[in-house]
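The structure appears below as structure tokens.
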Amino acid sequence: MSRTYVIPLGAQHVSLLEPIRFLFTVENERIASVEADIGFVHRGIELACATKFKFKQVPYVVARVCGLCAVVHSTAYVTAVERLMKIETTRRTKWLRIVANELDRIQSHFIALGHTSECAGFEALFMACMKDRETALELTEAFTGNRMQFDYVNIGGVNRDLTPEMALLMKKKLSLLKNRVNDLQELFMSNWSLSLKYKGIGVVSLEDAQRFNATGPIARASGLATDLRVEADMLPYGDVGFELALETAGDIHSRNVVRLRELANSIRMIENILDGLPVGDIEVPVKGNPDGDAISHIEAPRGQCIYMVRGNMTSTLDRVKIQAPTFANIPVIVNAFVGEEYGNAPPILASFDPCLSCTAR
Amino acid sequence: MSRHSVRSPWLLHFNAGSCNGCDVEILACLAPKYDIERFGIVNTGNPIQADILLITGPITKRARERVVELYVQMPEPKVVIAVGACACTGGVFRGMYNVENGVDSFIPVDVYIPGCSAHPEQIIDGVVKSLGILAGKNKEMEFPTQLRGPVTIDRGQVDRRGLAGSVASLEKGCTNRGTEN
Ligand code: SF4
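Top line first, the protein sequences correspond to chains A and B.
Each residue of the first sequence is one higher than the one before, counting from 63 in the numbering used here.
Each residue of the second sequence is one higher than the one before, counting from 1359 in the numbering used here.
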């Protein structure tokens, strides 16, 4: 005899970092269907970018779309505008932008890992992840001047140069962080109680990932080899030692493993950049106003982030369209819940690492 | 105000349309490096047990009723902290079509923490300051300052049924009948 219950999760809930509401229809502990409501943090940034702000201010406004991947949004926007205005930035600028983007990815992946372990009931691991994340944030603060929302990139260049002392400090801290990532990798791979909560749970099959067009670590954990860092040529990732992290199982465990491998790869890339940073200016002058439209693609920590910018020869843009990674991932998230036990819903949700302020803008 | 809840206040955090920057910094406060738990603070998800309400974000129109609802559910004495520039005034989002320009347009705020994003040290500073304010408060009821529709009291409690307000009261504009009994 089965009875169905409707259980709401959200808009405010301990296991949620951000307001999203799910309506689970539960049948004997199994989730039968899910509805998601994502609009709680909609602020209207796209319209404001095209009315209130000048195009040179917009990089700092779109950074406020999302605090966790702020620099990705700014980078995507400035690349689109630079394409419109035919600005060729220096090589040093591009490499410094990669450093900022990868530092951001490191801290974001640490949060995702910590949050999944917290939702699986492993509080100590959450604390360990947050502690290691602080190392990445210290580096970000030294490198850019702030911990979050560091507004590092602008149109035509970056706002701060990397001094040799900073590079030394970074190298020292990164080598510490590398050891910590290795330890975490071992823990996540071999801890038996974590595997109970993670292995075979929340599976996204390769077909589903393709059908729902999943992006980011979610797609890569299901064996779908997609990463804009190799597919698009916005930033020269090929020169700095990028490797694609691919897993095939598609469960929570493999999403964690993908994140851990990306962490290790990001650290290696930053080290390569520090070793061979090209000399040159960090800014080129910007003249005139943008005209026409351009698109740019950047791989955010959560998947692909696409910007469309349309200019009209004035200092205010016609349109800024933001397509954030979680928005593309919502269908696959909703689908992955069906058939799971309700008790597993928080860790599954955390493993997808949804970012609602990106989604709702 | 009893000494005990100042020594171990429980904290409720709500994201009312922020960019996550300040939320994550609050999370960083709970984590080892800044460790706000040394003040006896416990992070809770339940408004009925909370003493401190931390709000980030400029209050979007969807989050508005939820903020007031959470505030009303919290027992007195309680303090409200607005974390980040956008919770204080609307910040960079001020004037966008879906935001309400700051927490204090709906509920009374005791401590404002500026910065975009607010630094964890500032957040700790603000929370410690709010503990002093909490100690000075008594069990007198506090009310949201503005709602879509009047605040009514039903059997000693704020009546939550009309919180979201009807379309008619929306058209009449906001009424502020704070301490009416
Ligand atoms: S104050 Fe700045 S960092 Fe904090 S939530 Fe608002 S926009 Fe984000």
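The beta carbon of each residue, even a glycine, is placed where N, CA and C say it ideally should be.
Cβ of M1300 of chain B within 9 Å of any chain A Cβ: Residue coverage of chain B in this structure runs from 1359 to 1539, which leaves residue 1300 of chain B outside it and unanswerable.
Neighbourhood of M228 of chain A by C-beta, 8 Å cutoff - its chain only, sequence neighbours within 5 removed: For the purposes of this step, residue 228 of chain A is taken as the residue at position 166 of the first sequence. Counting only Cβ-Cβ distances below 8 Å, and skipping sequence neighbours, we find A204, F205.
Chain B residues whose Cβ lies nearer than 9 Å to that of G129 of chain A: As a working note, residue 129 of chain A is residue 67 in the first sequence. S1376, C1377, N1378, G1379, C1380, D1381, V1382, E1383, S1475, listed in chain order.
S328 of chain A Cβ short of 8 Å to the ligand SF4 heavy atom set: The count along the first sequence starts at 1 and reaches residue 328 of chain A at position 266. No, since every heavy atom of the ligand SF4 falls outside the 8 Å radius drawn around the Cβ of S328 of chain A.
Partners in chain A for K1391 of chain B, counting only beta-carbon separations shorter than 7 Å: Counting from 1 along the second sequence, the entry for residue 1391 of chain B is found at position 33. Chain A residues near K1391 of chain B: K193, E196.
Residue burial classification, G129 of chain A (beta-carbon count within 10 angstroms, cutoff 16): Along the first sequence, read from residue 1 onward, the residue named residue 129 of chain A stands at position 67. So G129 of chain A counts as buried.
Given N275 of chain A as reference, the closest of A:F212, A:F389, A:V382, A:T225 once Cα atoms are compared: By one-based count along the first sequence, residue 275 of chain A stands at place 213. The shortest Cα separation from N275 of chain A among A:F212, A:F389, A:V382, A:T225 belongs to A:F389.
Short CB-CB distance (under 9 Å) between L1388 of chain B and chain A: As a working note, residue 1388 of chain B is residue 30 in the second sequence. Yes - at least one Cβ of chain A is within 9 Å of the one on L1388 of chain B.
CB contact flag (R92 of chain A, Y404 of chain A, <9 Å): Within the first sequence, numbered from 1, the residue matching residue 92 of chain A stands at position 30. Within the first sequence, numbered from 1, the residue matching residue 404 of chain A stands at position 342. With respect to Y404 of chain A, R92 of chain A sits close: the two C-beta atoms are nearer than 9 Å.
Cβ-based neighbour list, A271 of chain A, same chain, cut-off 6 Å, excluding 5 preceding and 5 following: Against the first sequence, residue 271 of chain A aligns to sequence position 209. Taking C-beta separations shorter than 6 Å and ignoring five residues to either side along the sequence, the partners of A271 of chain A in its chain run A281, S284, L286, following chain order.
Backbone CA spacing between Y260 of chain A and I1410 of chain B [nearest angstrom]: Looking up residue 260 of chain A in the first sequence gives position 198. Looking up residue 1410 of chain B in the second sequence gives position 52. Put simply, the backbone Cα of Y260 of chain A is about 34 Å away from that of I1410 of chain B.
Contacts of N1496 of chain B in chain A (Cβ-Cβ under 9 Å): If you number the second sequence from 1, residue 1496 of chain B lands on position 138. Neighbours of N1496 of chain B on chain A: none; closest Cβ ~27 Å, over 9 Å.
Chain A residues whose Cβ lies nearer than 9 Å to that of A1421 of chain B: Stepping through the second sequence from its first residue, residue 1421 of chain B is reached at position 63. Per Cβ cutoff of 9 Å: A73, P81, F102, V103.
is_contact[N253 of chain A, chain B] using C-beta, thresh 9 Å: As a working note, residue 253 of chain A is residue 191 in the first sequence. Answer no: the Cβ-Cβ gap between N253 of chain A and chain B never drops below 9 Å.
Integer-rounded CB distance, given that R423 of chain A should sit under 8 Å from I395 of chain A: The residue you call residue 395 of chain A lines up with position 333 of the first sequence. The residue you call residue 423 of chain A lines up with position 361 of the first sequence. For a cut-off of 8 Å, the C-beta gap from I395 of chain A to R423 of chain A is around 18 Å, too long to register as a contact.
Below-9 Å beta-carbon distance, C417 of chain A vs any chain B residue: As a working mapping, residue 417 of chain A is identified with position 355 in the first sequence. Yes, its Cβ sits closer than 9 Å to a Cβ of chain B.
Touching by the beta-carbon criterion (3+ pairs, under 8 Å), the segment 1423-1434 of chain B and the segment 1383-1400 of chain B: With a cut-off of 8 Å, the segment 1383-1400 of chain B and the segment 1423-1434 of chain B do not count as touching, because too few Cβ pairs lie within range.
Where the alpha helix (DSSP H) containing R1380 of chain B begins and where it ends: In the second sequence, counting from the first residue as 1, residue 1380 of chain B sits at position 22. The sequence shown places Cys at residue 1380 of chain B, rather than the Arg named in the question. Per DSSP, C1380 of chain B is one residue of the alpha helix (DSSP H) stretching across 1379-1388.
Stretch-stretch touch, CB-based, cutoff 8 Å, three pairs: the segment 354-372 of chain A with the segment 138-148 of chain A: Under the three-pair Cβ rule at 8 Å, the segment 354-372 of chain A counts as touching the segment 138-148 of chain A.
Validate contact between the segment 338-345 of chain A and the segment 231-240 of chain A using beta carbons, cut 8 Å, 3 pairs: Segments in contact, no.
Below-9 Å beta-carbon distance, L290 of chain A vs any chain B residue: Counting from 1 along the first sequence, the entry for residue 290 of chain A is found at position 228. In terms of beta-carbon proximity, L290 of chain A stays away from the interface with chain B, with every pair separated by 9 Å or more.
I1481 of chain B beta carbon less than 9 Å from that of I1384 of chain B: Looking up residue 1384 of chain B in the second sequence gives position 26. Looking up residue 1481 of chain B in the second sequence gives position 123. A distance below 9 Å separates the beta carbons of I1384 of chain B and I1481 of chain B.
V68 of chain A to D99 of chain A span [Cα, whole Å]: To locate residue 68 of chain A, count along the first sequence from 1; it is residue 6. To locate residue 99 of chain A, count along the first sequence from 1; it is residue 37. Going by the C-alpha atoms only, they are around 15 Å apart.
At least 3 beta-carbon pairs within less than 8 Å: the segment 349-357 of chain A vs the segment 298-306 of chain A: Here the segment 349-357 of chain A makes no contact with the segment 298-306 of chain A; the two share fewer than three CB pairs at distances below 8 Å.
Residue-level contact to chain A via CB, P1478 of chain B, 9 Å cutoff: Locating residue 1478 of chain B in the second sequence gives position 120, where the first residue counts as 1. Yes - at least one Cβ of chain A is within 9 Å of the one on P1478 of chain B.
Three-state secondary structure assigned by DSSP to M251 of chain A: The residue labelled residue 251 of chain A in the question sits at position 189 within the first sequence. Three-state DSSP puts M251 of chain A in a helix.
CB of G264 of chain A within 9 Å of CB of S413 of chain A, strictly: For the purposes of this step, residue 264 of chain A is identified with residue 202 of the first sequence, where counting begins at 1. For the purposes of this step, residue 413 of chain A is identified with residue 351 of the first sequence, where counting begins at 1. The answer is yes: Cβ separation under 9 Å.
V215 of chain A to T137 of chain A span [Cα, whole Å]: What you label residue 215 of chain A is simply residue 153 of the first sequence in a count that begins at 1. What you label residue 137 of chain A is simply residue 75 of the first sequence in a count that begins at 1. If I take the Cα positions, the gap works out to 6 Å.
Contact the segment 102-111 of chain A vs the segment 120-127 of chain A: 3+ CB pairs below 8 Å: The segment 102-111 of chain A is in contact with the segment 120-127 of chain A.
Any non-hydrogen atom of the ligand SF4 closer than 8 Å to R126 of chain A Cβ: Position 64 of the first sequence holds residue 126 of chain A. Placement of the Cβ of R126 of chain A at a distance of less than 8 Å from at least one heavy atom of the ligand SF4 is found.
Three-state secondary structure (DSSP) of P393 of chain A: The residue given as residue 393 of chain A occupies position 331 in the first sequence. In the structure shown, P393 of chain A sits in a helix (DSSP, three-state: H, G or I).
Neighbourhood of C17 of chain A by C-beta distance below 8 Å, restricted to the same chain and skipping five residues each side: Any answer about residue 17 of chain A is impossible in this case: the structure gives chain A only from 63 up to 423.
DSSP state of D284 of chain A mapped onto helix, strand, coil: The residue labelled residue 284 of chain A in the question sits at position 222 within the first sequence. Reading off the sequence shown, one finds Ser at residue 284 of chain A, where the question assumed Asp. Note: S284 of chain A maps to coil in three-state DSSP.
Interface flag, N334 of chain A vs chain B, CB-CB below 9 Å: As a working mapping, residue 334 of chain A is identified with position 272 in the first sequence. False, the Cβ-Cβ gap to chain B never drops below 9 Å.
Inter-residue spacing [alpha-carbon to alpha-carbon] between I1417 of chain B and A112 of chain A: Reading the second sequence from its first residue, position 59 is the one you call residue 1417 of chain B. Reading the first sequence from its first residue, position 50 is the one you call residue 112 of chain A. Taking the Cα positions, I1417 of chain B is about 22 Å away from A112 of chain A.
Residues near E164 of chain A by beta carbon distance below 6 Å, same chain, minus five either side: Residue mapping note: residue 164 of chain A aligns to position 102 of the first sequence, counting from 1. These residues qualify, in order along the chain: S328, M331, I332.
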